[in-house]
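In full-length UniProt numbering, the protein residues as written are 1 to 163. Glycine included, every Cβ here is placed at the ideal spot set by N, Cα and C. Note that this is a predicted model, so its numbers are computed, not measured. Okay, so here's the structure we're looking at.
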């Protein structure tokens, strides 16, 4: 059953080019040891970031595209069903271990400028993964998320210096 994600987290790229998925997100994707630890990653359709979600979300793709098509039609806008479905289904499956460590595919990292740290932001049926620089470049409506990311990034950098 699809689930929601809330909260925020931050991860520096660690040894072996791995990042760490925040506990609340990984526990939503794989709440028990019997669940597959598979993170689905895709480029967000409007923002310069990635989306992350559990594979169970694919069951909602057709309904989501239908809602988006109806909204576009109500506003007199064009809607390309095939393109939207290709966007929704255009995700990469990435495994993560019990500690949440995963390797971000280079192609996705380059697409969104991720090369050092990732800020994770909950967003209900999916969460977003941001390069801090890309998040900080967003407008003032993102001020809360930007402030939390700056704080989390500073903590992660200070912790890394102590090691």
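Leaving out the 5 sequence neighbours to the left and right, which residues in its chain are closer than 7 Å to residue i when beta-carbon positions are compared?
i           : result
residue 1   : Unreliable positioning characterises residue 1 in this predicted model, as indicated by a pLDDT of 49, which lies under 50. The coordinate reading is nonetheless provided below. Cβ within range, chain order: 56.
residue 162 : none
residue 48  : 112, 134
Taking 6 Å as the limit between beta carbons, can you name the residues of its chain near residue i, skipping five residues before and five after?
i           : result
residue 136 : 146
Would you kindly check if the distance between the Cβ of residue j and the Cβ of residue i is under 8 Å?
i           : j           : result
residue 131 : residue 112 : yes
residue 96  : residue 26  : yes
residue 122 : residue 6   : yes
residue 102 : residue 18  : yes
In this structure, what does DSSP give as the bridge partners for residue i?
i           : result
residue 129 : 50, 120
residue 8   : 121
residue 102 : 19
residue 92  : 41
With 16 as the cutoff for other CB atoms within 10 Å, does residue i come out buried or exposed?
i           : result
residue 124 : exposed
residue 70  : exposed
residue 22  : buried
residue 160 : exposed
Please work out which residues of its chain come closer than 8 Å, Cβ to Cβ, to residue i, disregarding the five sequence neighbours upstream and downstream, and give them in chain order.
i          : result
residue 37 : 26, 29, 30, 95, 96, 97, 98
Does residue i have its Cβ less than 8 Å from a Cβ in chain D?
i           : result
residue 130 : Protein chain content of the structure displayed is limited to a single chain, and chain D is not contained in it.
* For the stretch 48-87, which segments carrying the beta strand (DSSP E) assignment without a break, of at least 3 residues, lie completely within its bounds, in sequence order? -> Secondary structure remark: continuous beta strand (DSSP E) runs of at least 3 residues inside the stretch 48-87, in chain order: 50-53.
* To do: Taking only runs that begin and end inside the stretch 11-50, name each unbroken beta strand (DSSP E) of 3 or more residues, in chain order.
  => List check, beta strand (DSSP E) in window: 18-20, 38-43.
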